[in-house]
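Residue numbers (the working numbering): 177 to 575.
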């Protein structure tokens, strides 16, 4: 049975008293957004965290909200979140229903093919996935990869990432998004309106804000420029790297955002446009001459959960920013009993601290974040395959 059919047959999800109807009833009784459309949908901004292979879990969240009558305006994401964000943007306008097609696309995706660095790369990845695989089992493979030049200056990663790039290019091209200009067309809004309220403190000002700010949505794909130590937001900062960014294929933005250091080769951009020093300084704070070659890696190095990207201190927002984090809330300290634990804790601290600091200083956002527990591993079997798949996809709702 197809994945979508499994979901629709589940009464806990789609039944009269299921999760989707429950959410729909709640937001009808107590609206969450001032931005709506003639069909009564309510609109939010959405931020999706990076999480390597856990991007599938994000789809369950977006599917549930969309079925309940919520649509997405500005989209932001890092790594796996960036993949989901750009595909959501490419599938149509913000008012369109997209989650069913998104489910179909990702259900057919085979993550194993993304490991395209050869036999040793696949074997090492299998060892890492086991988690309890001892280092001495991985060591010969690391030596072999070193001998193959995987960590040389020309590669700097065990997987080229070409399979992923070609896969994403095919998805985007299929939906008429082969340039950034075409992507921007998909981000245009139609038929939105501001919700009618009997008590609105500044109705004229709110109407002006609505007319000025909701014609076009923003897409924020986060990458890290290690040559200038900069947080890069694509497509906004594409002008720094390409002579004509409107002609650039959007696949490059996501390929940079998901380039886990050493696991994937970084994205190298040669021939950085000249005479744009002022833009570098304004957009990134970098005051030197632009590099001859820029190296871009996973945005999670700087901001794995870019919840701050749409934040404004100027006024109360007309629509909220919802966020999805691919881990449990921050309630348990890391244990450090081995070198593996130490390195894991070190990486987590590096990728999370900036985002945690923002949440600490902006406490209201905590009410708008859903935590998806990815610590449990669901292995499908013949007896309960359907339930395992549903839990993997719709974990945020059914747990």
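Even glycine gets a Cβ: it sits at the ideal position worked out from N, Cα and C.
_Taking 8 angstroms as the cut-off, does the stretch 321 to 338 touch the stretch 180 to 192 (at least 3 CB pairs, one atom from each stretch)?_
At 8 angstroms Cβ cutoff, the stretches do not touch.
_residue 304 burial status per 10 Å Cβ neighbour count (16 or more: buried)_ = exposed
*asked:* Quick check: residue 434 and residue 265, are their CB atoms within less than 8 angstroms of each other?
replied: no
*Note down the Cα distance separating residue 297 from residue 442, rounded to an integer number of angstroms.*
Rounded to whole angstroms, residue 297 and residue 442 show a C-alpha spacing of 16 angstroms.
_Between which two residues does the beta strand (DSSP E) holding residue 396 run?_
395 to 401
*If residue 436 sits next to residue 401, beta carbons under 8 angstroms apart, how far is it from one beta carbon to the other, in whole angstroms?*
Not confirmed; about 16 angstroms, so no contact.
*Contact between the stretch 378 to 393 and the stretch 417 to 427 (3+ Cβ pairs under 8 angstroms)*: no
*Could you tell me whether any Cβ in chain D is nearer than 8 angstroms to the Cβ of residue 525?*
You won't find chain D in this structure, because it holds only one protein chain.
_Threshold first: 4 residues or longer. Then list the alpha helix (DSSP H) segments lying entirely within the stretch 229 to 273, N to C._
231 to 243 and 256 to 266
*From 387, 537, 321 and 482, residue whose alpha carbon lies closest to that of residue 222*: 482
_For residue 526 and residue 342, I'd like the C-alpha separation in whole angstroms._
30 angstroms
*When the Cα atoms are used, what is the spatial distance from residue 438 to residue 407?*
Answer to the nearest angstrom: the Cα atoms are 19 angstroms apart.
*Work out the CA separation of residue 515 and residue 219 for me, nearest whole Å.*
45 angstroms
*asked:* Please classify residue 498 as buried or exposed, where buried requires at least 16 neighbouring CB atoms within 10 angstroms.
replied: buried
*Just tell me which of 369, 472, 464 and 453 has its CA closest to the CA of residue 446.*
472
_Once DSSP output is grouped into helix, strand and coil, what is the label at residue 412?_
coil
*Do residue 254 and residue 510 have their C-beta atoms within less than 8 angstroms of each other?*
Not a contact, by the Cβ cut-off of 8 angstroms.
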